[in-house]
Amino acid sequence: MSEWQPKILAILCNWCSYAGADLAGVSRMQYPPNIRVVRVPCSGRVDPLFIMKSLQSGFDGVLISGCHPGDCHYISGNYVARRKFAVLKPLLEFIGIEPDRVQFSWISAGEGERFATVVTKVTEDIRKLGPSTKLVKKL
Amino acid sequence: MNIVSDLRKAIKELLADKKIDLFIGWEKGSLPLSATPLFITSEDEADRAVFDITCGNNLSIYFTKDRKQFADKKVGIAVKGCDARSVVLNILEKQIDRENVVIVGVPCHGVLDKKKVLAKTDGREVLELTDNGDTVTVIGKGYELSFDRSEILSSSCLACIYPDAQEYDMFVGEPRAEVPNENRLKEIKEFEALSTSERWAHTREEYEKCIRCYACRNVCPSCYCNVCFVDQNDPGWIGNTCEFTDSIIFHVIRNLHVAGRCVECGACARACPMDINLLLLNRKVAWEVKDRFGDIAGLDINGKPAMVDFREDEKQDFIMG
């Protein structure tokens, strides 16, 4: 058996972060292969249920990324998303989930390099935490 | 006593003047520990109305869960502080028109938690309850017990800062504005001081008890989706089992659905048959909303519920730099 590798779900908005990931790719930047990307129309589309469900299904961490405030393709989607995450994150910490399991960032379409840095940081944070077990459904 | 007679007088006037078609209040229940919701349409029935420590029901739930009954009707409703905030939320969320509701505030000194009373009597049946102000006396077969009011109050009432309605058309007695309460954040701060693993152990212990009866959701004035996410089966987001992760996800997501809308009336905790401390998470979310967005659910009738609003310059300390 090889060494344990974290499995991370990255939920990226179509207009900024997904394009940022694309730029990182075409620019041949190196970043850990631990993320699985889901593309959503806007970070405002991200229901906290998605995050809980992915932790339940066995992901070790979740990264959510959207356009910078003010740059949302739909004008205010990321502001609304920010309010949801602003409540979700402290609540998860409150019930006893490690805060680094769920992380949020803003990445624009031009920030390929930043995308690679963010993914590297998130992967390292989650690697340090080890496999997620708390919310995983065992039947 | 005069509060009850004043309340009855107010109801009689409203019904006699045809200002309302229907009044929703409380009447003496068939069991001594809980009052029953009262629906009256004529002034002769007004003498059935009561208000005391047993009137725990948040009556505003009828506006959303039984809305057909209220279509095109003018409704008067008796409210405690928390109920009034629920009514305001219903108005903000366009569930009922402000013109169609007459809010009658009553001065609230807390409502009892049946489970706490039964713990005091060792589960023996209570036949009679007398509220003497500071103390409460319960009488059952072969025993009579007297205890401090604060010992049996619902935990939501012990940390309440708005005991009286802030938005009302009539008030029976003198309404109080915000009442400072040192218990307001005590429980949250104590819990936050624990380590992550201690907090998780507590969460596990509490929510493993959940039997997914959905009493908390059904009694909640803010939970009124036609199809709740736990009842959806296409896509079936969440398993309908009592397995711990299913339960905790249900509760976390329910808490987020009522974020900025929870008035902390404690109805969920009183309804819970497993005695889960549901209010802890509700309070945390309500505090987080207050702290970050400055909103308290149901206080400002001209405002907007917190989670459908935003400001551009909010603090975003939780987002990676």
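Sequences listed follow chains A and B, in order.
Reminder that position 28 of the first sequence reads as 28 in the working numbering, one-by-one numbering, no gaps.
Reminder that position 75 of the second sequence reads as 1075 in the working numbering, one-by-one numbering, no gaps.
Built from N, CA and C at the ideal position, the CB exists for glycine as well.
Keep in mind the model is a prediction, meaning the values are calculated, not measured.
In the three-state reduction of the DSSP assignment, residue 1170 (chain B) falls in the strand class. Here the C-alpha atom of residue 1182 (chain B) lies approximately 44 Å from the C-alpha atom of residue 119 (chain A). Residue 1147 (chain B) sits away from residue 1130 (chain B), with the two beta carbons spaced by 9 Å or more. Here residue 60 (chain A) really is in contact with residue 132 (chain A); their C-beta atoms are around 4 Å apart, less than 8 Å. The beta carbon of residue 103 (chain A) lies closer than 6 Å to those of 63 and 122 in the same chain, with the five residues before and after it left out.
Going by DSSP, residue 1237 (chain B) is part of no alpha helix (DSSP H) at all; its letter is neither H nor E.
The Cβ atoms of residue 44 (chain A) and residue 21 (chain A) do not sit closer than 9 Å to each other. At a cut-off of 9 Å, the C-beta of residue 2 (chain A) has no neighbouring C-beta in chain B. Close to residue 1263 (chain B), with beta-carbon spacing below 8 Å, lies no residue of chain A; the smallest spacing is near 16 Å. Nearest C-alpha to residue 99 (chain A) among B:1196, B:1064 and B:1225: B:1196. Listed in chain order, the alpha helix (DSSP H) elements of length 4 or more contained wholly in the region 1119-1191 of chain B are 1149-1152 and 1155-1158. Spatial neighbours of residue 1314 (chain B) in its own chain (CB-CB distance under 8 Å, excluding positions within 5 residues in sequence) are listed in chain order as 1292 and 1293. Setting aside the 5 residues that flank it on each side, residue 77 (chain A) is surrounded in the same chain by 42, 43 and 44, each with a C-beta closer than 7 Å to its C-beta; the list follows chain order. Excluding residues up to 5 positions away in sequence, 1105 lie with their Cβ nearer than 6 Å to the Cβ of residue 1171 (chain B) in the same chain. Under the three-state reduction of DSSP output, residue 106 (chain A) falls in the strand class. Residue 96 (chain A) places its beta carbon less than 9 Å from that of residue 1200 (chain B). Assigned with DSSP and collapsed to three states, residue 1089 (chain B) falls in helix. Of all residues in the region 113-138 of chain A, the ones placed with a Cβ closer than 9 Å to any Cβ belonging to chain B are 118, 121, 122, 134, 135, 136, 137 and 138, in chain order. Within 8 Å of the CB of residue 69 (chain A), the CB atoms of chain B belong to 1312 and 1316, in sequence order along the chain. Under a 10 Å Cβ-count criterion, residue 1127 (chain B) is classified as exposed, with fewer than 16 other Cβ atoms of the shown protein chains found around its own Cβ. When beta bridges are read from the DSSP output, residue 8 (chain A) appears opposite A:35 and A:61. Remark: C-beta atoms of residue 1243 (chain B) and residue 1082 (chain B) do not approach each other more closely than 9 Å. Counting along the chain, residue 1037 (chain B) sits inside the beta strand (DSSP E) bounded by residues 1036-1040. Within the region 1213-1234 of chain B, the residues whose Cβ lies closer than 9 Å to some Cβ of chain A are 1229, listed in chain order. The beta carbon of residue 1155 (chain B) sits no closer than 9 Å to any beta carbon of chain A.
In the three-state scheme derived from DSSP, where H, G and I count as helix and E and B as strand, residue 1082 (chain B) is classed as helix. DSSP, read as helix, strand or coil, puts residue 16 (chain A) in coil. In this structure the region 1048-1065 of chain B lies against the region 1015-1029 of chain B, because at least three pairs of beta carbons, one per stretch, are closer than 8 Å.
Less than 9 Å separates the beta-carbon of residue 31 (chain A) from that of residue 116 (chain A). Taking 9 Å as the Cβ-Cβ cut-off, the region 83-103 of chain A approaches chain B at 83, 84, 85, 86, 87, 88, 89, 90, 91, 92, 93, 94, 95, 96, 97, 98, 99 and 103, given in chain order.
Here residue 1307 (chain B) is buried, its C-beta having at least 16 other C-beta atoms within 10 Å.
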